[in-house]
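Heads up, the thing below is written out as structure tokens.
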Amino acid sequence: EDARSMASSDKYDRQTRLWGAHGQRALGEARICLLNAGPTGTESLKNLVLPGCGFVTVVDGEKVTEGDVGNNFFVSRADIGSPRAEVTLSHLLEMNPDVSGEARCVDPSDLIGGEPSFFEGFSLVIASQLQRDALLSLSAVLWSMNVPLIAVRSYGLVGSMRIARPVHVCFEAKEAQAVADLRIANPFPALQAFADAVDLKSCDDETHRHLPYPVLLVKLMGEYAAEHGGQPKTFAQRKAFAKWVGTQRRDITTDEGVPIWEENFDEAVANASKASLPTPLRPDVADVLADAKLDALESTDDDFWFLARALRDFRAAEGKGESLPVSASLPDMTATTALYLRLNEAYKLQATLDRAAFCAHLERAREAAGCDEKRPVSEGVIDRFLASCQSIKVMRYRPIAMELSARAAEDGAAAAAADPAAADGEAEAQGQYTSAVKEAVAELQMMGETNVSMCPALWAVMLRAADDFQCATGRFPGAGASPDLTADAAEVAKYAAVHAAGYGVADHVTEEHAQEITRYGACEPHVVAATMGAVVAQEAVKLLTQQYVPVDNTFIFNGIATTAAVATL
Numbered sequence: 001e002d003a004r005s006m007a008s009s010d011k012y013d014r015q016t017r018l019w020g021a022h023g024q025r026a027l028g029e030a031r032i033c034l035l036n037a038g039p040t041g042t043e044s045l046k047n048l049v050l051p052g053c054g055f056v057t058v059v060d061g062e063k064v065t066e067g068d069v070g071n072n073f074f075v076s077r078a079d080i081g082s083p084r085a086e087v088t089l090s091h092l093l094e095m096n097p098d099v100s101g102e103a104r105c106v107d108p109s110d111l112i113g114g115e116p117s118f119f120e121g122f123s124l125v126i127a128s129q130l131q132r133d134a135l136l137s138l139s140a141v142l143w144s145m146n147v148p149l150i151a152v153r154s155y156g157l158v159g160s161m162r163i164a165r166p167v168h169v170c171f172e173a174k175e176a177q178a179v180a181d182l183r184i185a186n187p188f189p190a191l192q193a194f195a196d197a198v199d200l201k202s203c204d205d206e207t208h209r210h211l212p213y214p215v216l217l218v219k220l221m222g223e224y225a226a227e228h229g230g231q232p233k234t235f236a237q238r239k240a241f242a243k244w245v246g247t248q249r250r251d252i253t254t255d256e257g258v259p260i261w262e263e264n265f266d267e268a269v270a271n272a273s274k275a276s277l278p279t280p281l282r283p284d285v286a287d288v289l290a291d292a293k294l295d296a297l298e299s300t301d302d303d304f305w306f307l308a309r310a311l312r313d314f315r316a317a318e319g320k321g322e323s324l325p326v327s328a329s330l331p332d333m334t335a336t337t338a339l340y341l342r343l344n345e346a347y348k349l350q351a352t353l354d355r356a357a358f359c360a361h362l363e364r365a366r367e368a369a370g371c372d373e374k375r376p377v378s379e380g381v382i383d384r385f386l387a388s389c390q391s392i393k394v395m396r397y398r399p400i401a402m403e404l405s406a407r408a409a410e411d412g413a414a415a416a417a418a419d420p421a422a423a424d425g426e427a428e429a430q431g432q433y434t435s436a437v438k439e440a441v442a443e444l445q446m447m448g449e450t451n452v453s454m455c456p457a458l459w460a461v462m463l464r465a466a467d468d469f470q471c472a473t474g475r476f477p478g479a480g481a482s483p484d485l486t487a488d489a490a491e492v493a494k495y496a497a498v499h500a501a502g503y504g505v506a507d508h509v510t511e512e513h514a515q516e517i518t519r520y521g522a523c524e525p526h527v528v529a530a531t532m533g534a535v536v537a538q539e540a541v542k543l544l545t546q547q548y549v550p551v552d553n554t555f556i557f558n559g560i561a562t563t564a565a566v567a568t569l
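Count the sequence shown with the UniProt record's numbering and you get residues 1 to 569, in order.
So this is what it looks like as structure tokens:
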């Protein structure tokens with residue numbers, strides 16, 4: 001057992017550097033369901049089996065055919081005639097003995113309509129190449145269960161992926177713009193005591209050029225405020241303070257007379273604004289703390305919401321409306337080892353005090369909601385939350401049903417004029433086209449692109465048109481024994497024109513788009529399937545580990561131009 005654990009640890013070493021041991025544990029405990037084991041579905045699942053997802057269920061009612069052998073690496077000619085679910089599962093599990101699974105040899109549509117409770121308990125459902133009616137039914141079932149859904153398809157040289165769930169919380173958004181709050185503008189007692197103990201005039205040169213910049217700024221701000229009657233208030237005053245900080249350098253030289261530049265003062269000048277401006281909340285964090293959910297917590301709610309409530313209460317009380325709990329970790333900075341460790345101890349002390357206060361708020365929130373005392377929030381989850389509270393995020397997705405029944409905003413306005421009450425109810429049920437496609441085209445134009453016909457978002461319009469064609473005829477355009485490509489393309493163009501008008505891109509969707517989507521005949525080439533499988537796995541890991549920010553809500557791949565885009569449809 002120990003040997004296997006060590007082998008697994010070594011096997012997953014690189015990925016745990018990205019999402020940590022807790023992320024790997026979440027992935028290892030995940031139960032993932034795949035609907036349809038074609039090339040796109042199996043490529044998606046392969047990329048989750050390899051990093052060690054826990055349990056996979058493959059649902060597919062087809063037998064392996066000659067066509068499967070040509071575009072699916074997880075079947076062979078010897079498998080022709082065998083259940084595709086069993087064959088692909090067997091080959092997938094060979095790739096990682098840590099993963100187990102089961103096969104259900106049944107049509108996914110039958111399972112969705114006849115046994116919806118089957119989907120309870122899954123961590124994630126991946127629906128590959130699912131037709132519109134089945135996808136709508138599935139999304140409604142999973143939405144009511146709050147089970148995340150990834151709907152993916154490869155269609156000729158176009159690929160799309162859609163994520164749907166009511167709410168997704170990111171414990172660790174890990175976005176680059178997240179800035180550490182070192183509490184320089186409102187120093188805590190241990191940091192202030194460190195700064196007060198420093199005498200910049202009498203300390204030796206070695207100490208002077210290695211004082212960590214947070215200590216320098218706290219010290220110098222105190223001196224500056226005493227000389228100028230208070231801290232800088234305006235931009236000009238803050239700029240003057242930064243310039244003044246630079247003048248406090250010493251002219252230090254070696255015994256040979258070589259000048260030594262004080263790099264810690266460079267860092268202090270670069271961060272001088274932090275001495276008078278508290279670190280602002282990132283918009284995503286502010287949105288979480290302002291969420292109405294925090295005032296209506298129930299005992300069955302996810303731990304995240306209780307942690308967020310405790311964070312809000314801490315900020316209002318101990319943080320005096322400005323600060324979040326101090327982090328025990330420090331960024332790199334110019335300092336001797338001894339001075340850095342001394343500063344780190346000050347932050348660790350305050351982090352311990354803040355954690356205790358935070359936990360008190362957490363217990364009060366849980367007690368008020370009637371939570372079971374025997375099932376507390378784990379210490380590890382609390383530590384993880386506090387370490388990343390500067391980058392938490394809540395995402396609310398648009399239902400697939402609202403997207404696929406969308407209508408143009410002007411149609412909604414006309415209906416409202418005729419019958420405001422009825423129109424309001426209908427608009428809520430049907431939704432409207434979003435501006436995402438139009439914005440994607442406009443963005444390309446702003447970048448100087450004169451030919452926007454290859455804008456990936458436009459192919460989302462064409463996929464909707466192809467689905468309309470399938471719903472009306474029972475087959476996809478260009479598919480079938482002997483299709484009339486010209487007639488099919490003309491029909492697709494009519495459907496596309498309706499959606500293009502709704503999205504506000506009627507001038508950019510052309511007959512050439514309809515002809516191209518018809519030529520594909522709904523084929524599923526492996527090169528596109530492999531690309532989409534990689535994207536699905538990436539987003540699945542984000543959803544399962546609650547780390548990084550997943551797509552909101554649609555990813556579109558244009559294999560013709562090898563470009564991609566994200567749009568909220």
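Think of the CB as a built atom: it goes at the ideal place given N, C-alpha and C, for glycine as much as any other residue.
For T518, count neighbouring Cβ atoms within 10 angstroms of its own Cβ and tell me buried if that reaches 16, exposed if not.
The residue given as residue 518 occupies position 518 in the sequence shown. By the 10 Å Cβ count, T518 comes out buried.
Decide yes or no for the touch test of the stretch 116-125 against the stretch 139-158: beta carbon pairs closer than 8 angstroms, at least 3 of them.
yes
How is H208 classed by DSSP in three states: helix, strand or coil?
In the sequence shown, residue 208 corresponds to position 208, counting from 1. Residue state, collapsed to three classes: helix.
Please report how far the alpha carbon of M462 lies from the alpha carbon of D488, in whole angstroms.
Counted from its first residue, the sequence shown places residue 462 at position 462. Counted from its first residue, the sequence shown places residue 488 at position 488. Rounded to the nearest angstrom, the two C-alpha atoms are 13 angstroms apart.
Starting from R162 and walking both ways along the beta strand (DSSP E), at which residues does that stretch end?
Here residue 162 refers to the residue found at position 162 of the sequence shown. From DSSP, the beta strand (DSSP E) with R162 extends over V158 to A164.
According to DSSP, is Q350 part of a helix, a strand, or is it coil?
On the sequence shown, position 350 is the one that residue 350 refers to. In the structure shown, Q350 sits in a helix (DSSP, three-state: H, G or I).
My understanding is that G61 touches D107, with C-beta atoms under 8 angstroms, so please give their C-beta distance in whole angstroms.
Position 61 of the sequence shown, counted from the start, is the residue given in the question as residue 61. Position 107 of the sequence shown, counted from the start, is the residue given in the question as residue 107. Right, their Cβ atoms sit about 4 angstroms apart.
Look at A195 and S276 and say whether their C-beta atoms are less than 7 angstroms apart.
Taking the sequence shown and counting its residues from 1, one reaches residue 195 at position 195. Taking the sequence shown and counting its residues from 1, one reaches residue 276 at position 276. The answer is no: Cβ separation not under 7 angstroms.
Determine whether the beta carbon atoms of P325 and L386 lie at a separation below 7 angstroms.
By one-based count along the sequence shown, residue 325 stands at place 325. By one-based count along the sequence shown, residue 386 stands at place 386. Contact flag set, yes.
For the alpha helix (DSSP H) that F194 lies in, which residues bound it at each end?
For the purposes of this step, residue 194 is identified with residue 194 of the sequence shown, where counting begins at 1. Note, F194: alpha helix (DSSP H), P189 to D196.
What would DSSP say about F557, mapped onto helix, strand or coil?
Looking up residue 557 in the sequence shown gives position 557. Here F557 sits in strand by DSSP.
Got a sec, what are the start and stop residues for the alpha helix (DSSP H) M333 sits in?
Here residue 333 refers to the residue found at position 333 of the sequence shown. Per DSSP, M333 belongs to no alpha helix (DSSP H) and is neither H nor E.
Between the Cα of V167 and those of A561, R250, A567 and D552, spot the shortest distance and give me the residue it belongs to.
As a first step, residue 167 is located in the sequence shown; it is residue number 167 there, counting from the start. Selected option, being the one with the closest Cα: D552.
What are the start and end residues of the alpha helix (DSSP H) that includes R31?
The residue labelled residue 31 in the question sits at position 31 within the sequence shown. No alpha helix (DSSP H) contains R31, which is instead part of the beta strand (DSSP E) from R31 to L35.
Compare the C-alpha of A180 against each of C523, M333 and G41 and name the closest.
Taking the first residue of the sequence shown as 1, we reach residue 180 at position 180. Looking at the Cα atoms, M333 is the closest of the given residues.
Leaving out the 5 sequence neighbours to the left and right, which residues in its chain are closer than 6 angstroms to E322 when beta-carbon positions are compared?
Residue 322 sits at position 322 when you count from the first residue of the sequence shown. Taken in chain order, the residues that qualify are P278.
Residue(s) in a DSSP beta bridge with Q237
Start at 1 with the first residue of the sequence shown, and residue 237 comes out as number 237. Note: Q237 sits in no beta bridge, so no partner.
Indicate the three-state DSSP secondary structure (helix, strand or coil) for I150 in the structure shown.
Reading the sequence shown from its first residue, position 150 is the one you call residue 150. Three-state result, I150: strand.
Could you compute how far the alpha carbon of S405 sits from the alpha carbon of Q432?
To locate residue 405, count along the sequence shown from 1; it is residue 405. To locate residue 432, count along the sequence shown from 1; it is residue 432. One C-alpha to the other measures close to 8 angstroms.
Cβ shell of residue 577 (< 7 angstroms), same chain only, five flanking positions each side left out:
A query on residue 577 cannot be resolved here, the shown segment of the chain reaching from 1 to 569 and no further.
My output table needs one value for E43: the three-state DSSP class, helix, strand or coil.
Indexing the sequence shown from 1 puts residue 43 at position 43. In this structure, E43 counts as helix in the three-state DSSP scheme.
Among the candidates Q192, S139 and F235, whose CA atom is the shortest distance from the CA of G222?
On the sequence shown, position 222 is the one that residue 222 refers to. Comparing Cα positions, the closest option is Q192.
Using only alpha-carbon positions, find the residue among R384, E120, W305 and A317 that is nearest to A357.
Working through the sequence shown from its first residue, we reach residue 357 at position 357. The candidate whose alpha carbon is nearest that of A357 is A317.
Close beta carbons around T16, own chain, < 6 angstroms, minus the five adjacent residues each side:
Position 16 of the sequence shown, counting from 1, holds the residue named residue 16. Counting only Cβ-Cβ distances below 6 angstroms, and skipping sequence neighbours, we find Q24.
Check whether the Cβ atoms of V99 and F119 lie closer than 7 angstroms to each other.
The count along the sequence shown starts at 1 and reaches residue 99 at position 99. The count along the sequence shown starts at 1 and reaches residue 119 at position 119. For V99 and F119, no; Cβs fall outside 7 angstroms.
May I have the straight-line CA-CA distance separating E29 from Q237, to the nearest angstrom?
As a first step, residue 29 must be located in the sequence shown, where it is residue number 29. As a first step, residue 237 must be located in the sequence shown, where it is residue number 237. Approximately 54 angstroms, taken between the alpha carbons.
What's the C-alpha gap between I560 and E66?
On the sequence shown, position 560 is the one that residue 560 refers to. On the sequence shown, position 66 is the one that residue 66 refers to. Approximately 27 angstroms between the Cα atoms of the pair.
Identity of the residue in K11, P39 and R31 nearest V528 by Cα:
Within the sequence shown, residue 528 is the residue found at index 528, counting from 1. When only C-alpha atoms are compared, the closest one is P39.
Expressed to the nearest angstrom, what Euclidean distance is found between the alpha-carbon atoms of N558 and A522?
As a first step, residue 558 must be located in the sequence shown, where it is residue number 558. As a first step, residue 522 must be located in the sequence shown, where it is residue number 522. If I take the Cα positions, the gap works out to 15 angstroms.
Run of the beta strand (DSSP E) containing M395, from where it starts to where it stops
Looking up residue 395 in the sequence shown gives position 395. Counting along the chain, the beta strand (DSSP E) containing M395 begins and ends at K393 to R396.
Per DSSP, which one or two residues make a beta bridge with K63?
The sequence position of residue 63 within the sequence shown is 63, counting from 1. Paired residue(s): P83.
Hey, how far is the Cα of D199 from the Cα of W261?
Translated into positions along the sequence shown, residue 199 becomes position 199. Translated into positions along the sequence shown, residue 261 becomes position 261. So the alpha carbons of these two residues sit roughly 20 angstroms apart.
How is the alpha helix (DSSP H) around G222 delimited, first residue to last?
Residue numbering aside, residue 222 sits at position 222 when the sequence shown is read from its first letter. Counting along the chain, the alpha helix (DSSP H) containing G222 begins and ends at Y213 to H228.
Taking only three categories from DSSP, how would you classify E318?
For this step, residue 318 is matched to residue 318 along the sequence shown. Reduced to three states, the DSSP call for E318 is coil.
Along the alpha helix (DSSP H) that carries S139, what are the first and last residues, could you check?
On the sequence shown, position 139 is the one that residue 139 refers to. R132 to M145 is the span of the alpha helix (DSSP H), which, as asked, contains S139.
Which listed residue (V437, T337, D301 and E256) has its alpha carbon closest to that of P212
The residue labelled residue 212 in the question sits at position 212 within the sequence shown. When only C-alpha atoms are compared, the closest one is T337.
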